[in-house]
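**Q** In the working numbering, the protein residues as written are 37 to 234.
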């Protein structure tokens, strides 16, 4: 984690120095929001006894980016992802018992620093930092547990202008959580809004 912060500070300083040497430069503050379905592959069993290694869900993310008059931009990203929603059959303990089901949900909330490069409508970037994994199991009562886990988010997009301050376009996003072995692919629709230029 410390190496990640050092890398960001080095890139920030280099970008600031390159901009300061110019007679005219513009800073942009952009807000980017996106929504998408998710397709996730799990290396290990999500739940003991559950053999299925893939799951479908959905996600919404937002990132705020500072974009100087150079290719690099820096920012933060958060959002909400539903990675898995499973219904588990509970076997009857006796002949008199009826079969019942439990519901297990795995959500993720990214809290990441982002660096990206932008040119002519194209953007490619990486998000690094923790994800808050929220497990929710409902069977007679509700049990909720949280865990912080480091993750990596890769994204690439192309946007085109619809107004002077607003762009839209497709984006592909890839999430990897190494500890749990979760790999997710998210084909995303992105809306970018230029909040402030100075």
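Just so you know, even glycine gets a beta-carbon here, dropped at the ideal spot from N, CA and C.
Going by C-alpha to C-alpha distance, which of 182, 87 and 125 sits closest to residue 143?
**A** Checked all of 182, 87 and 125; the closest Cα to residue 143 is 182.
**Q** Can you give me the start and stop residues for the beta strand (DSSP E) that residue 12 sits inside?
**A** Because the chain is modelled from 37 through 234, residue 12 falls outside the range shown and cannot be assessed.
**Q** In terms of residue numbering, what span does the beta strand (DSSP E) encompassing residue 97 cover?
**A** Note, residue 97: beta strand (DSSP E), 90 to 103.
**Q** Apart from the five residues on each side of it in sequence, which residues of its chain come closer than 6 Å, Cβ to Cβ, to residue 90?
**A** For residue 90, where only same-chain residues beyond five positions count, the Cβ hits under 6 Å are 77.
**Q** Residues in the same chain with beta-carbon distance under 8 Å from residue 83, minus the five sequence neighbours each way, listed in chain order, please.
**A** Only 122, 124 and 140 meet the Cβ criterion.
**Q** By Cβ distance, which residues of its chain are closer than 8 Å to residue 135, with the 5 residues on each side in sequence left out?
**A** 125, 126, 127 and 128.
**Q** Around the C-beta of residue 233, are 16 or more other C-beta atoms found within 10 angstroms, so that it is buried, or is it exposed?
**A** Result: exposed.
**Q** Buried or exposed for residue 214, please, with buried defined as at least 16 other CB atoms from any protein chain shown within 10 angstroms of its CB.
**A** Exposed, since its Cβ has fewer than 16 Cβ neighbours within 10 Å.
**Q** Please list, in chain order, all residues of the same chain as residue 79 whose beta carbon is under 7 Å from its beta carbon, the five residues on each side excluded.
**A** Contacts found: 217.
**Q** Could you check where the beta strand (DSSP E) with residue 80 kicks off and where it finishes?
**A** It is not in any beta strand (DSSP E) - residue 80 carries neither H nor E in the DSSP assignment.
**Q** Can you tell me the Cβ-Cβ gap for residue 109 and residue 94, rounded? I've got them flagged as a contact below 8 Å.
**A** The Cβ separation is near 26 Å, so there is no contact.
**Q** Check each candidate in 212, 231, 227 and 162 and name the one with the smallest Cα separation from residue 74.
**A** Of 212, 231, 227 and 162, the residue nearest in Cα terms is 212.
**Q** Do residue 189 and residue 223 have their beta-carbon atoms positioned less than 8 Å apart in this structure?
**A** No; because the gap between Cβ atoms is not below 8 Å, this pair is not in contact.
**Q** What is the DSSP secondary structure of residue 207, counted as helix, strand or coil?
**A** Of the three classes helix, strand and coil, the one that applies to residue 207 here is strand, per DSSP.
**Q** Below 7 Å, is the gap between the Cβ of residue 229 and the nearest heavy atom of the ligand ATP?
**A** With respect to the ligand ATP, the structure offers nothing, as it holds no ligand at all.
**Q** Measure the alpha-carbon distance for residue 203 versus residue 175 and round it to whole angstroms.
**A** Taking the straight line from one Cα to the other gives about 45 Å.
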